[in-house]
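In the numbering used here, the protein residues as written are 1040 to 1420.
The C-beta atom is built at its ideal place from N, Cα and C for all residues, glycine as well.
On a predicted model such as this, the values are computed, not experimentally measured, just so you know.
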């Protein structure tokens, strides 16, 4: 029997290499940020083709306004509307976007603009990261939740039958234009849903400051949020603008330290294990913000059971969410078995455990490396 002869018979050679794939993301925050779109495209050297991805609920208020900032002599702009909410985050819609890009001759210098909430930026980011192995991505977040969290950090995803965000990539946008003027048309229930994500940031603030260069300032975010809710949580409140800016800064510090979620970035999952499971088990009838709020309550309860925090801390978390108008208990009719099954498919699973985040010591501080066996997931419910 003939055998192939190789020339190399020495030891295995190990080669280490670094890449130059560093991506710089421009983040503009404040009233009128959306008007910077054309200038931003010019700054990143974008090609002429631009696809604006949006949803009906957003397009009716802001699509025409945004297109006015894209002069036709400079860019060939097309638009594509996808269903509202999580319904757009499917493989079918991903393929439709790919086909739209191919039919119109998009190349790797061209751009997808995501005009919408977190579901639009998730889908647009996945499409941008995979078509021709990467187009430019610019996000114009139109919900409070998206401005403080979903649009920042480079996570993209679609949903699978087994659970939320199970297929996705890490792909950083070239720019995020977080315009608070856009929030003036957001329905009240969507606005207060963003309060749950802001509360999450308030509950991790001290730990973030400890591990990064984030500056807490003279007043804890938790107290600022508390007052904003007392004042009615109106978007015109200057305190809301400050909360948005603080959350964005916090996430930027976290992501710059840990872009692929191998350590510190896990801190952002506080409340999300049960939260994502609740969305899935409830057929996405519970909004992301509502689900995260409930997840925060149950994480606090588990922390109190483990003697990590006091019962008064749990009550404060519940009180903030309740006064904001958010639910604090799992809705009736959501099966406990379905919740546990959904959590077992969570992307944070490592073998027979899930890496959980729990408040530690006091509100504002967390342990983001809690190893929770799958057999104990019922403790979160």
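Identify whether residue i lies in helix, strand or coil by the three-state DSSP scheme.
i            : result
residue 1285 : helix
residue 1309 : coil
residue 1407 : strand
residue 1277 : helix
residue 1068 : strand
residue 1162 : helix
residue 1394 : strand
residue 1203 : strand
residue 1388 : strand
residue 1365 : coil
residue 1373 : coil
residue 1356 : helix
residue 1402 : strand
residue 1107 : coil
residue 1126 : helix
For residue i, is the classification buried or exposed, using 16 other Cβ atoms within 10 angstroms of its Cβ as the cut-off for buried?
i            : result
residue 1130 : exposed
residue 1326 : buried
residue 1337 : buried
residue 1126 : exposed
residue 1082 : exposed
residue 1398 : buried
residue 1150 : buried
residue 1301 : exposed
residue 1324 : exposed
residue 1299 : exposed
residue 1354 : exposed
residue 1403 : buried
residue 1385 : buried
residue 1334 : buried
residue 1146 : exposed
residue 1095 : exposed
Between residue i and residue j, what straight-line distance do the alpha-carbon atoms span, to the nearest angstrom?
i            : j            : result
residue 1315 : residue 1097 : 24 Å
residue 1267 : residue 1276 : 8 Å
residue 1099 : residue 1176 : 22 Å
residue 1137 : residue 1113 : 23 Å
residue 1389 : residue 1415 : 14 Å
residue 1079 : residue 1167 : 17 Å
residue 1343 : residue 1242 : 14 Å
residue 1234 : residue 1117 : 34 Å
residue 1103 : residue 1409 : 47 Å
residue 1071 : residue 1218 : 6 Å
residue 1184 : residue 1192 : 13 Å
residue 1345 : residue 1351 : 14 Å
residue 1132 : residue 1373 : 28 Å
residue 1227 : residue 1186 : 16 Å
residue 1222 : residue 1247 : 27 Å
residue 1086 : residue 1066 : 20 Å
residue 1376 : residue 1154 : 36 Å
residue 1305 : residue 1365 : 24 Å
residue 1135 : residue 1160 : 16 Å
residue 1411 : residue 1358 : 27 Å
residue 1420 : residue 1378 : 8 Å
residue 1279 : residue 1148 : 36 Å
Check the DSSP bridge columns for residue i and list the partner residues they point to.
i            : result
residue 1427 : With the chain represented from 1040 up to 1420, any question about residue 1427 goes unanswered, as that position is not in the structure.
residue 1194 : 1209
residue 1117 : 1090
residue 1418 : According to DSSP, residue 1418 bridges with nothing at all.
residue 1026 : Limits of the chain in this structure are 1040 at one end and 1420 at the other, which puts residue 1026 out of reach.
residue 1215 : 1066 and 1178
residue 1412 : 1392
For a test of your reading of the model: does the CB of residue i fall under 7 Å from any non-hydrogen atom of the ligand PLP? Yes or no.
i            : result
residue 1220 : Because no ligand of any kind appears in the structure shown, any question about the ligand PLP cannot be addressed here.
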